[in-house]
Structures are given as C-alpha cells and as structure tokens.
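Asker: Per the working numbering, residue 3 is the first one in the sequence shown, and the count goes up by one each step.
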Amino acid sequence: MDFNKFIVIDFDSTFTKVEALDLLADIIYDGQPEKESIKKQITEITNQAMEGHLSFRQALEKRIALLKPNKKHLEQLAVRLKYQVSESFKRNREFFHKYADNIYVISNGFHIFIDPVVMEFGIKPENILANRFFFDDQGNVTGFDTSNPLSDNHGKVEQLKRLNLPGDIYVIGDGYTDYEIKAAGLANKFFAFTENVERNAIMEKADHITPSFDEFLYLNKLNTAISYPKNRIHVLLLENIHPVAAQILRADGFTVETLPTALTEEELCERIRNVSVLGIRSKTQITERVLQHANRLMVIGAFCIGTNQIDLKAATRKGVAVFNAPYSNTRSVVEMAVAEMIVLMRKLFDKSNKMHRGIWDKSAEGSYEVRGKRLGIVGYGSIGSQLSVLAEALGMKVYYYDIEEKLALGNATKCKSLKELLELSDIVSLHVDGRESNTHLIGEREFSWMRNGVILLNLSRGHIVDIHALKKAIETGKVAGCAIDVFPYEPVNNNEEFISELRGLPNTILTPHIGGSTREAQENIGQFVPARIQDYINTGSTSSSVNFPNLALPTLENAHRLIHIHENVPGILARINQVLASHNINIVGQYLKTNEQIGYVITDIDKEYNKEVIRELRGIEHTIKFRVLY
Ligand code: NAI
Numbered sequence: 003m004d005f006n007k008f009i010v011i012d013f014d015s016t017f018t019k020v021e022a023l024d025l026l027a028d029i030i031y032d033g034q035p036e037k038e039s040i041k042k043q044i045t046e047i048t049n050q051a052m053e054g055h056l057s058f059r060q061a062l063e064k065r066i067a068l069l070k071p072n073k074k075h076l077e078q079l080a081v082r083l084k085y086q087v088s089e090s091f092k093r094n095r096e097f098f099h100k101y102a103d104n105i106y107v108i109s110n111g112f113h114i115f116i117d118p119v120v121m122e123f124g125i126k127p128e129n130i131l132a133n134r135f136f137f138d139d140q141g142n143v144t145g146f147d148t149s150n151p152l153s154d155n156h157g158k159v160e161q162l163k164r165l166n167l168p169g170d171i172y173v174i175g176d177g178y179t180d181y182e183i184k185a186a187g188l189a190n191k192f193f194a195f196t197e198n199v200e201r202n203a204i205m206e207k208a209d210h211i212t213p214s215f216d217e218f219l220y221l222n223k224l225n226t227a228i229s230y231p232k233n234r235i236h237v238l239l240l241e242n243i244h245p246v247a248a249q250i251l252r253a254d255g256f257t258v259e260t261l262p263t264a265l266t267e268e269e270l271c272e273r274i275r276n277v278s279v280l281g282i283r284s285k286t287q288i289t290e291r292v293l294q295h296a297n298r299l300m301v302i303g304a305f306c307i308g309t310n311q312i313d314l315k316a317a318t319r320k321g322v323a324v325f326n327a328p329y330s331n332t333r334s335v336v337e338m339a340v341a342e343m344i345v346l347m348r349k350l351f352d353k354s355n356k357m358h359r360g361i362w363d364k365s366a367e368g369s370y371e372v373r374g375k376r377l378g379i380v381g382y383g384s385i386g387s388q389l390s391v392l393a394e395a396l397g398m399k400v401y402y403y404d405i406e407e408k409l410a411l412g413n414a415t416k417c418k419s420l421k422e423l424l425e426l427s428d429i430v431s432l433h434v435d436g437r438e439s440n441t442h443l444i445g446e447r448e449f450s451w452m453r454n455g456v457i458l459l460n461l462s463r464g465h466i467v468d469i470h471a472l473k474k475a476i477e478t479g480k481v482a483g484c485a486i487d488v489f490p491y492e493p494v495n496n497n498e499e500f501i502s503e504l505r506g507l508p509n510t511i512l513t514p515h516i517g518g519s520t521r522e523a524q525e526n527i528g529q530f531v532p533a534r535i536q537d538y539i540n541t542g543s544t545s546s547s548v549n550f551p552n553l554a555l556p557t558l559e560n561a562h563r564l565i566h567i568h569e570n571v572p573g574i575l576a577r578i579n580q581v582l583a584s585h586n587i588n589i590v591g592q593y594l595k596t597n598e599q600i601g602y603v604i605t606d607i608d609k610e611y612n613k614e615v616i617r618e619l620r621g622i623e624h625t626i627k628f629r630v631l632y
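1) What residues match up with Y637 in a beta bridge as DSSP calls it?
2) Determine the direct distance from the alpha carbon of Q78 to that of Y593, and round the result to whole angstroms.
3) Looking only at DSSP bridge pairs, what is G436 linked to?
4) Cβ of V335 versus every heavy atom of the ligand NAI: is any distance shorter than 7 Å?
5) In angstroms, rounded to a whole number, what distance separates the CA positions of A61 and R95?
6) Is the Cβ-Cβ distance between K184 and F195 less than 8 Å?
7) Tell me which same chain residues have a C-beta within less than 7 Å of the C-beta of A561, skipping the five on either side of it?
8) Following a CB-centred definition, is Y329 positioned closer than 7 Å to any heavy atom of the ligand NAI?
9) Tell me, which residues are paired with E569 by DSSP?
10) Under three-state DSSP, which class holds H624?
11) Within 10 angstroms of the Cβ of I501, are there 16 or more other Cβ atoms? Answer buried if so, exposed if not.
12) Closer than 8 Å by C-beta to R59: which residues in its own chain qualify, once you throw out the five before and the five after it? Chain order, please.
13) I'd like the span of the alpha helix (DSSP H) that includes V391, first residue to last.
14) With a threshold of 7 Å (Cβ to nearest heavy atom), would R463 be considered close to the ligand NAI?
15) With a threshold of 7 Å, establish whether the CB of E407 neighbours any heavy atom of the ligand NAI.
16) Quick one: what does DSSP say V87 is sitting in, helix, strand or coil?
17) For the ligand NAI, I want to know if L420 counts as a neighbour, meaning its beta carbon is within less than 7 Å of at least one of the ligand's heavy atoms.
18) Just to check, is the beta-carbon of T441 closer than 7 Å to a non-hydrogen atom of the ligand NAI?
19) By the 10 Å Cβ neighbour count, where 16 or more other Cβ atoms means buried, how is A203 classified, buried or exposed?
20) Does the Cβ of I307 lie closer than 7 Å to at least one heavy atom of the ligand NAI?
21) Does the structure place the segment 448 to 466 close enough to the segment 484 to 493 that three or more beta carbon pairs sit under 8 Å?
22) Pop quiz: A317 and V324 are said to be a contact at Cβ under 8 Å. What is the actual Cβ separation, rounded to whole angstroms?
23) Cβ atoms of S284 and F530: under 8 Å apart, would you say?
24) Threshold first: 3 residues or longer. Then list the beta strand (DSSP E) segments lying entirely within the segment 136 to 174, N to C.
25) So the beta strand (DSSP E) I9 belongs to, where does it begin and stop?
26) Tell me the DSSP secondary structure of K100 in three-state form.
27) Cβ atoms of V571 and H624: under 8 Å apart, would you say?
28) Give me whichever residues DSSP pairs with L459 in a beta bridge.
29) Does the beta carbon of Y85 fall short of 7 Å from some heavy atom of the ligand NAI?
30) With Y220 as the anchor, note down where its alpha helix (DSSP H) starts and where it stops.
31) Pull up the CB-CB distance for H210 and L221, whole angstroms please, since I reckon it's below 8 Å.
32) Apply the 10 Å Cβ neighbour rule to L409 and answer buried if 16 or more other Cβ atoms are within range, or exposed otherwise.
33) Near E569, what residues of its chain come up, given a Cβ to Cβ distance below 7 Å and the 5 sequence neighbours on each side ignored?
34) Compute the Euclidean distance between the alpha carbons of E438 and I466, then round it to the nearest angstrom.
35) Candidates T286, G169, L238: which alpha carbon is nearest V277's?
36) Any idea what DSSP makes of M3, helix, strand or coil?
Here it is as structure tokens:
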C-alpha cells in the first residue's frame, strides 16, 4: 500500500461508544443493588487520577480491586463491546481492511476485550497496543502487567516512542492521553473525536475536530465508504419542531441547529446561506427571495400538513426537494371526530354551559346514543377510512361516499352518490381534500337532502361548507348539532378575534383548527419528515415529495449513484448517457422521472471511473443540481 501515514486510534469512547470499565461494572453487578454505587466510585477514582491525585496505575489497581473481574466477565465484555463500535467506524469497515498495515489501536485497557473487537475490522494483532491481565487458576484477575508502559501515566506517549513508526502519525481520540502523544511531539496531528463524547478542553487542543470517522477520512482525502461526511451537512430546524426530529438527524451524523421560533424573510435570507436542510412548520414563509440566498439548500422538510407557506415552484426551479407529513395526524383527527359525535348527540356542551350559568337542566330530551346510528363519511381517504373503523367499533352503521374507487373497510357500505349518503345519514362527517372544486360541497341544496335533526362534522377544510347555509340549517332545526374545526377564514394568530356567523348558535362546537393538534401527531411528524429527508440525502429517493417527481430507489450496493436534477427540456437523458458512453462507463441501473418543471435522473455506475465524467455531467446545459452518492 502506497501510504506513508500511520493512524493511531484510541479505543474507549472512540473506537467504541463506551468506556469498557463502565460496561464491565454493568456486567459484573448486573441486577445487584450496589451497581450504581460501584459505578460512582469508579468514576470518582478516574477523576482523581485525571486531577493528578492518584497515578494512573494506582487508579487502575483501585478500579480492578472494586470490580474483581474474572475471565468470564471479560469475555462477556468483549461480546458486548462488539455491539458498541462507533457508527462511523462500522460504516468504514472496508477502510480498516484496506489500510491494515497503517492502523494502530492504542488503549490503557486490556487485550482480552479489545482484540476480539478490533480484529474483526482487520486490525493486526501486533498493531493493537494494550495491556494484559494476570489470572489465577479460577480465572480471577490477580493483577496486570506493570512492566507495560500503558499501565502508567504517559503510557501512550511511551508506547508510541518505543514503536518508532517511520512516517506521519495521526492520532484520533477523545481524551487527554491521546492529545498527549501529539503534545510530546510524537504525532503530526491530533484529531479530537466527538461522535461519542465532547470534551471542550480536548477540542480546544485538537488540530481538527472530527465528529465522525467520515470527517477524518474526508479531511485526509481517504473517503471511500461515503461521498460526503454528514457532519458537514447543516440542518436548521425552526419553530420548535418536536425534539425527536433533531435526535434522529443527529444520530445519522448531521449537524443540527434548532430554534424555537420562525424567522423573518430578512433573517432567513442570512441564516440559510450555509444550510443544506431546512425544517419549518406553518409560520416560516419560504419565498423566492429566501431561496435565492439558499445556495447549499437541498431539501425543505415541512413538519406539518400544508405547504402553502413555501413557494414550491421556486423551490423546484432551484432543485430543492420539499417533503411534508400529510398523514401523521390522521388518528388525532379521527379521535376528535368520535368525541364530537358523542358530545353532540348528548348536547353535552350546551348542558355544561348552562351548568356554568347555574342552570340544572336534567332531561333525556334530544339525547341519543351513537350506537346503531348511521354515520355517513364523505371522503374515504386516510381520515375517513380510519373513522370508519373506529365508528364501527362503537356499534355505528357506516356509509361512505368518495369520488374515487375505495374499498369498504369492515362492514361499511359504499354509497353511489353524495345525495344517497346525505339522505340516509344520522351523522355526516366531511373528510374530503381541499381541492378547489370542493368549495361549498355542502350548501343549501345538500342540506335539503339531509335528514331532519342531522349532526354535521367538518374537520376537513374551511371552504367545503357554505357557512351561511349551515347557519340557516341550524336555525331551522334541520341540523341538530355541528362541530366545525375549519373555517373559510381563520385568524392568523391567537391575538386575532375569531369572527363567524356560527358564534352563539345552539349545540355548535367551534374549535380553532386543532383536529390534528396533539403531542402524538407532533411526534409522528417529527419522525416521518426526517425519514424522508434521510432517504433523499442518503439514497436520492423522492418518495412522497411534494414538488419532485416521486422515485423510490433501491439501496446503493457496490456502485456510485449519480443524481442529476435538470430543467425538463428534451434530450437531457440522452446527453447524460452520451457522456457516460464516451467514458465507457458501465451503467448498473438507471431511473428517470419528470414532472412539468424538472427531470430527475438517477444513474448507478460501477465504482471505478474517470472523475472527469463528473465535471462533464455537471456541465450539461439545463442542469440544476448534480451530486454523487456512495
Ligand atoms: P386524503 O387525501 O387521504 O382523503 C381525501 C379523500 O377525499 C380522497 O379519498 C378523495 O378521493 C376524496 N374526495 C375528494 N373530493 C371528494 C368529493 N367531492 N366527494 C367525495 N370524496 C372526495 O386526505 P385525509 O388525510 O384523509 O384528510 C382529509 C381532510 O382532512 C383534508 O381536507 C385535510 O386537509 C383535512 N385535515 C384536517 C386536519 C385538522 O386539523 N382539522 C388535520 C389533518 C387533515
């Protein structure tokens, strides 16, 4: 291997995510009450050594005396540690095999649990620098090799000195003993590894901070497993998006910043410059002007249902994919509809309001069970069909009408027309989508088709019901009760007064568009959108994107993926393939989809190719964005 650098890697909290002795305490004291106190004592001893009150060797002796490990525990430890290898090391397994001659693992820990873990990565036994335990006949640890420099202070420095490696030495670690190697003049560079722990004092001393092994490889132009370290991809999440989203994206290696509020256009123009992934909810306006400043932006996650706040055409022109979470709050809407049907059938709100005014109105007049009643669902999509299931569980007879062919769930009955459904339903619940043509789907004529004393629910969109006609229907008694969550005009914030003809009407539940507003829905959204963002960045998949042609792609294996986004003009695919053909490139798979604005072409190719091809593909006229994934 023509490579004259040596990479020296620390084990605890670097190669693995954990400190081995902590895990050993967990194993030895598993299920025993003194476990926490033992772990605390171990930490205290470690701190005393770090502060210089104990020598490293004294501290080690004390910790071993506390733990009293035997061979069996240590073998278990090795097995557990194999599952705790840092994610970015796992990703780059191939690298370790390829550069095995040049990689050393160094630790003040012990061969018995380190060797089995790192040798699986092709690291040579002679390149593992650690200490050895001594055992008695029963396998109990009786001590360790005190002649090994790694059993004492400055052990790593001493060990490296003895090795006398002929070339540049790069040390990667999370602790002071790793930095010491560089401080002693034995390493050319020290990389503070922060994937598992971040120690400010160490980060300040480092030549580079590497949040992952990918970053280390990228800095040294050694990356083969992935095209670009994810820690270099900046994610900005605004508007108090559920914390699970940041958690998911951080765990995948992205650098994530969160803000509790929305930003103004001005602020956003400034902040968006180095952002690759932007997460918003409904208050942040993504205008063409904002997008003009967004030169690194690849994807916008709308952590909500609607995407009206985004200039989708401008985003598409810029090659920015947009994802939302259309179905994450389905269950929340359905539960509210179920509750409201029962509340309205029993006139509970009016009764409760009277009680607040001191009126005791005990009677069964106009109160009904929902069991056995006919529920008519208009729009049998995600929400309508789930309501169908829950309503049947309550003993209701479910009818539905949809303009598209929808299979009945359970015992629900399909109606041929809206009229048929309205004529037979005791309760009508609207769950159609917000398309323009659904404006006033329910108006004077439709009310006339309904049964006298019908209950109406609208938790879909505000323009679906003619509010004036509804008011009249309530006043005439045609409608005995209604629950309305969405309105033709809705206040833009909580300070604006809600104005509506429906205020003050009997048995009328008015709610401020909260059908989908639950903690659970927020959490679902917080999980759903990051998964789409990860898919898009990691594989190029655009499934369920709002503005990009939807392509579900196979995972990439043993190939490089070229992702080409271009204006939808004829001949681009041919141009791409001409370039590939002129370089004799073997195409493993190719996928193309277009929409009105753009074309999205994915080409998987063999890993070995002339990098000139990338420059040529980037240069094709009408290219909006191009990236290579591996
Ligand atoms: P969906 O798209 O899964 O289902 C809508 C269904 O309505 C489709 O099957 C469609 O074919 C059907 N449809 C459209 N026009 C129709 C018509 N004129 N007659 C009969 N069927 C028609 O949508 P999903 O997720 O079930 O949502 C339903 C509605 O609920 C949407 O308007 C959505 O905006 C709204 N919603 C309201 C929330 C709230 O907070 N109140 C929260 C979530 C959704």
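The beta carbon of each residue, even a glycine, is placed where N, CA and C say it ideally should be. Keep in mind it's a predicted model, so treat the numbers as computed, not measured.
Answerer: Considering the structure as presented:
1) Nothing can be reported for residue 637, as the shown portion of the chain is limited to 3 through 632.
2) 47 Å
3) Note: G436 sits in no beta bridge, so no partner.
4) yes
5) 34 Å
6) No. Outside cutoff.
7) Leaving aside the five residues that flank A561 on each side, the residues in its chain whose CB is nearer than 7 Å to its CB run, in chain order, V590, D606, I607, D608, K609.
8) yes
9) I600
10) In the structure shown, H624 sits in coil (DSSP, three-state: anything other than H, G, I, E or B).
11) exposed
12) T148, S153, D154, N155.
13) Segment 384 to 395, the alpha helix (DSSP H) holding V391.
14) Yes, the beta carbon of R463 sits closer than 7 Å to at least one heavy atom of the ligand NAI.
15) no
16) strand
17) Closer than 7 Å to some heavy atom of the ligand NAI: that describes the Cβ of L420.
18) no
19) Burial call: exposed.
20) yes
21) yes
22) 6 Å
23) no
24) Scanning the segment 136 to 174 for uninterrupted beta strand (DSSP E) segments of 3 residues or longer gives 143 to 146, listed from N- to C-terminal end.
25) Run containing I9: 7 to 12, per the beta strand (DSSP E) assignment.
26) helix
27) yes
28) S431, A485, per the DSSP bridge assignment.
29) Distance from the C-beta of Y85 to the nearest heavy atom of the ligand NAI is not below 7 Å.
30) 215 to 221
31) 6 Å
32) exposed
33) Same-chain partners within the cutoff: I600, H624, I626.
34) About 9 Å.
35) Out of T286, G169, L238, L238 has the C-alpha closest to the C-alpha of V277.
36) Note that M3 scores a pLDDT of 45, beneath 50, so its modelled location is shaky and nothing firm can be said.
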